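Peer 1:
In the UniProt record's numbering, the protein residues as written are 1 to 361.
#1: Cβ of residue 146 versus every heavy atom of the ligand GDP: is any distance shorter than 7 Å?
#2: How would you call residue 293, buried or exposed, if buried means at least 16 neighbouring beta carbons within 10 angstroms?
#3: Please list, in chain order, all residues of the same chain as residue 193 whose beta carbon is under 7 Å from its beta carbon, the five residues on each side excluded.
#4: Establish whether the CB of residue 240 and some CB of chain D are separated by less than 8 Å.
#5: Following the continuous beta strand (DSSP E) through residue 116, name the residue where it begins and the one where it ends.
#6: Contact between the segment 260-268 and the segment 168-181 is defined here as three or more beta-carbon pairs at a separation below 8 Å; is this criterion met?
#7: Is the CB-CB distance between residue 117 and residue 206 below 8 Å?
#8: Opposite residue 195 in the DSSP bridges: which residues?
#9: Mind checking whether residue 200 and residue 263 have CB atoms under 8 Å apart?
#10: Give me, in chain order, the residues of the same chain whose beta-carbon lies closer than 7 Å to that of residue 45; leave out the 5 immediate sequence neighbours on both sides.
#11: Would you mind reading off the limits of the alpha helix (DSSP H) that contains residue 364?
#12: Going along the chain, which residues of its own chain have a beta-carbon closer than 7 Å to the beta-carbon of residue 219, five neighbours each way excluded?
#13: What did DSSP end up calling residue 172 once you bin it into helix, strand or coil?
#14: Tell me which same chain residues have a C-beta within less than 8 Å of the C-beta of residue 185, skipping the five on either side of it?
#15: Can you tell me which residues form a DSSP beta bridge with residue 147?
#16: Around the Cβ of residue 261, are there at least 16 other Cβ atoms within 10 angstroms (buried) or fewer (exposed)?
#17: Please list the terminal residues of the continuous beta strand (DSSP E) segment that includes residue 200.
#18: Can you check whether the CB of residue 120 is closer than 8 Å to the CB of residue 257?
#19: By DSSP's criteria, residue 44 is part of a beta bridge. Which residues make up the other side?
#20: Using the Cα positions of residue 335 and residue 187, report the straight-line distance between them to the nearest angstrom.
#21: Among 291, 55, 152, 146, which one has its Cα closest to the Cα of residue 86?
#22: Within its chain, find whatever has a CB closer than 6 Å to the CB of residue 11; leave out the 5 residues flanking it on each side and keep chain order.
#23: Using a Cβ-Cβ cutoff of less than 8 Å, which residues in the same chain neighbour residue 23 once the five nearest sequence positions on both sides are dropped?
#24: Just the Cα atoms here: how many angstroms apart are residue 114 and residue 212?
#25: Can you give me the C-alpha to C-alpha distance between residue 223 and residue 49, rounded to a whole angstrom?
#26: Would you kindly work out how many angstroms separate the C-alpha atoms of residue 276 and residue 34, rounded to a whole number?
#27: In three-state DSSP terms, what is residue 299?
#28: Does the pairing of the segment 239-249 with the segment 145-159 give three or more beta-carbon distances under 8 Å?
#29: I need the DSSP call for residue 32, collapsed to helix, strand or coil.
#30: From this set, 229, 227, 271, 214, which residue's C-alpha is nearest residue 239's C-alpha?
#31: With 16 other CB atoms within 10 Å as the buried threshold, where does residue 32 fall?
#32: Can you list, in chain order, the residues of its chain whose CB lies under 8 Å from that of residue 366, leaving out five sequence neighbours each side?
#33: Does DSSP put residue 213 in a helix, a strand or coil?
#34: For residue 75, does the three-state DSSP call read helix, strand or coil?
#35: Between 160, 16, 19, 354, which has its C-alpha nearest residue 302's C-alpha?
#36: Using the beta-carbon count (16 or more within 10 Å), is residue 9 buried or exposed?
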């Protein structure tokens, strides 16, 4: 049971108690014609975790493929509704707690979360043309997320067309609009070292540099990065590993996400959202089964990364093949100043003893 569903029996029973009210048969459904809610939940969890074709799971439970598709929709909606509080609305209090955890665990002050996105492969819908066709050569919808310091999702946005440029995906997402519009309830700026600095998110090269979103330095053509830029990139990557691990755990536990979904985008979106809610629920309620101590990446005393067990459970290059495309372009001068201030802090009062060795400096 633990191996197939990545939770213990008592956690499953608690989950079923939460989900069952949303799966009760309609009043006009004859009992003999209905499928018990617990069977629906078990069948869909098997589909999500195992990644087997929809037709295979349906056959095992003696359900028609078409009917099982409706059950997937129903159960995934029920899971996301029952567990809606597992992915909270961002508040100043939640963000402040997140920042404290990033500073305590990953030595990155004023960090509100690590941002990344993944392409979720789907079958090309009829008459969709190249709408869902991405730069990696397959059809997809985009999963955009923020992870906290403990690999849980703070924010999830699913459903952008795979063909959209990745900067466009971010800019058009509710998260991107909120960051660009300064509509997030940011905690007040605080002193970090010698400067008063804003609270920020961290991302990789797929995202634009912004006063509230830091990304790595990229060397200019024919030049090398300065020492403090190397160290900043290393410190940024340490914080950024939180979202890499969040996606890694998610994909390794819910195999359906790593395989091409043979369904319409709307159903793929419901499946992906349900998996994200289950991820947070199990991290909180049954972590010893879902994500035991060696499952995520961890650091040795010398600062070197020890890779987590989740990497052994994923098909080769699953996450690399689903990543977003690096973006280039003009950078806001104020954002560059803020990044430089963080870089200065990391080579002064905010330095950690192993960073030079890790950067081969």
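Cβ coordinates follow ideal geometry from the N, Cα and C atoms, glycine included.
Owing to the predicted nature of the structure, the values given are computational and were not obtained by experimental measurement.
Peer 2: A quick look at the data gives this:
#1: Looking at this structure, you won't find the ligand GDP or any other ligand, since it has none at all.
#2: exposed
#3: Only 345, 348, 349, 350 meet the Cβ criterion.
#4: This model lacks chain D altogether; it includes just one protein chain.
#5: 111-121
#6: no
#7: yes
#8: 192
#9: no
#10: 5
#11: Absent from the structure is residue 364, since the part of the chain shown begins at 1 and ends at 361.
#12: 225
#13: helix
#14: 90, 91, 92, 95
#15: 114, 153
#16: buried
#17: 200-202
#18: Taking 8 Å as the cut-off, the beta carbon of residue 257 is found closer than this to the beta carbon of residue 120.
#19: For residue 44, which the question treats as bridged, DSSP gives no partner whatsoever.
#20: 18 Å
#21: 152
#22: 285, 286
#23: 37, 40, 41, 74, 75, 78
#24: 12 Å
#25: So the alpha carbons of these two residues sit roughly 47 Å apart.
#26: 28 Å
#27: Here residue 299 sits in strand by DSSP.
#28: yes
#29: Because residue 32 carries a pLDDT of 46, less than 50, the predicted location of this residue cannot be relied on, and no value is offered for it.
#30: 214
#31: A caution first: residue 32 carries a pLDDT of 46, below 50, which makes its placement in the model unreliable, though a value can still be read off. Label assigned to residue 32: exposed.
#32: Since the first residue shown for the chain is 1 and the last is 361, residue 366 is missing from the structure and cannot be characterised.
#33: strand
#34: Residue 75 carries a helical assignment under DSSP once its states are collapsed to helix, strand and coil.
#35: 354
#36: exposed
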